[in-house]
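So the structure is just underneath, and the comments pick up after that.
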Amino acid sequence: MGKKRRRRSFSPEFKAEAVKVVEQSGKSPGTVARELDLTETALRRWVAQAEVDAGRGHGGALTTDERTELAHL
1240 MGKKRRRRSF
1250 SPEFKAEAVK
1260 VVEQSGKSPG
1270 TVARELDLTE
1280 TALRRWVAQA
1290 EVDAGRGHGG
1300 ALTTDERTEL
1310 AHL
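Residues in the sequence shown are numbered from 1240 upward in steps of one, following our numbering.
Structure below.
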């Protein structure tokens, strides 16, 4: 069985920078995740959420602002 990682939290700025590296470097999310010591799944989720926030995501997906508002209800 794989080694479990301790759950870490990252600032919105760090997430945005990681997404920017994926988008601008031409590297795969897996490669960038390894370089930044992240799970590939987390980085892929951040990239997908950035797409939604930019208006390029799935039709029914919620933006980060909408998710925050929903959490406060």
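Virtual Cβ for every residue (Gly too), placed ideally from N, Cα, C. As the structure is a computational prediction, the values presented were derived from the model and not from experiment.
Excluding its 5 nearest sequence neighbours in each direction, Thr1302 has C-beta neighbours in its own chain below 6 Å: Val1291 and Asp1292, listed in chain order. In this structure, DSSP gives Lys1259 a helical state, which the three-state scheme calls helix. A straight line joining the alpha-carbon of Gly1294 with that of Glu1262 spans about 16 Å.
Taking a contact to require three or more Cβ pairs closer than 8 Å, the stretch 1305-1312 and the stretch 1267-1275 do not qualify as touching.
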